[in-house]
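Let me begin by presenting the structure, written as structure tokens, before commenting on it.
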Amino acid sequence: MVGWMVENSCPSHMIYVFPFQTNLPIFKLKESCVRRRYSDFEWLRSELERESKVVVPPLPGKALIRQLPFRGDDGIFDDSFIEERRQGLELFLNKVAGHPLAQNERCLHMFLQEEAVDKNYTPSKIRQA
1 MVGWMVENSC
11 PSHMIYVFPF
21 QTNLPIFKLK
31 ESCVRRRYSD
41 FEWLRSELER
51 ESKVVVPPLP
61 GKALIRQLPF
71 RGDDGIFDDS
81 FIEERRQGLE
91 LFLNKVAGHP
101 LAQNERCLHM
111 FLQEEAVDKN
121 YTPSKIRQA
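In UniProt numbering, the protein residues as written are 1 to 129.
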């Protein structure tokens with residue numbers, strides 16, 4: 001299932017759900033499904049910029065104006081905005097996961113294949129078996 005959900009916590013935030021399928025031998029799991037916040041994508045992008053020689057694509061915008069009160073809409077919780085952002089995040093993931101140099105980064109493997117992102121991980125390269 002590709003989609004999104006609002007997590008019932010305070011402050012509320014958006015969780016995006018992404019299934020991942022691959023036939024690339026470098027990934028240990030051929031299928032996974034992860035739940036990630038926008039801030040997790042910001043972390044991944046930052047790690048890839050810092051640790052690899054990859055030109056990392058941009059993320060969809062932060063939508064600061066949508067967070068202003070009295071806009072007369074649902075702001076960042078507007079369904080069309082959420083779906084547009086989800087599509088942008090999916091495009092970002094497809095580009096990054098498809099890049100041969102990015103595929104060697106531990107942060108990408110953790111992001112795509114582990115339930116939780118350990119932001120205190122030790123950066124390293126993944127080697128094919």
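Positions of the beta carbon are idealized from the N, C-alpha and C atoms, including for glycine. What you are looking at is a predicted structure, and each value in this text was computed from that prediction instead of being measured.
From residue i to residue j, what distance separates their C-alpha atoms?
i, j, result
"Arg127", "Thr22", "16 Å"
"His109", "Asp78", "31 Å"
"Phe81", "Val96", "23 Å"
"Ala116", "Glu84", "24 Å"
"Phe92", "Arg37", "14 Å"
"Lys28", "Gly88", "26 Å"
"Gly61", "Tyr121", "26 Å"
"His13", "Leu24", "33 Å"
"Arg86", "Lys30", "22 Å"
Using beta-carbon positions only, say whether residue i and residue j come within less than 8 Å of one another.
i, j, result
"Lys125", "Asn94", "no"
"Phe18", "Glu114", "no"
"Ser39", "Phe20", "no"
List the whole-angstrom C-beta distance separating residue i from residue j, where the pair is believed to meet the contact cut-off of C-beta under 8 Å.
i, j, result
"Leu48", "Cys107", "7 Å"
"Pro123", "Glu51", "5 Å"
"Leu112", "Val34", "6 Å"
Can you tell me which of the options puts its alpha carbon nearest to the alpha carbon of residue i?
i, options, result
"Lys119", "Arg45, Ala97, Tyr16 and Phe18", "Arg45"
"His99", "Asp40, Lys53 and Ser32", "Lys53"
"Ile26", "Ser80, Ala102, Val117 and Gly88", "Ala102"
Evaluate residue i with the Cβ neighbour count: other Cβ atoms within 10 Å of its Cβ, from every protein chain shown; 16 or more gives buried, anything less gives exposed.
i, result
"Tyr16", "buried"
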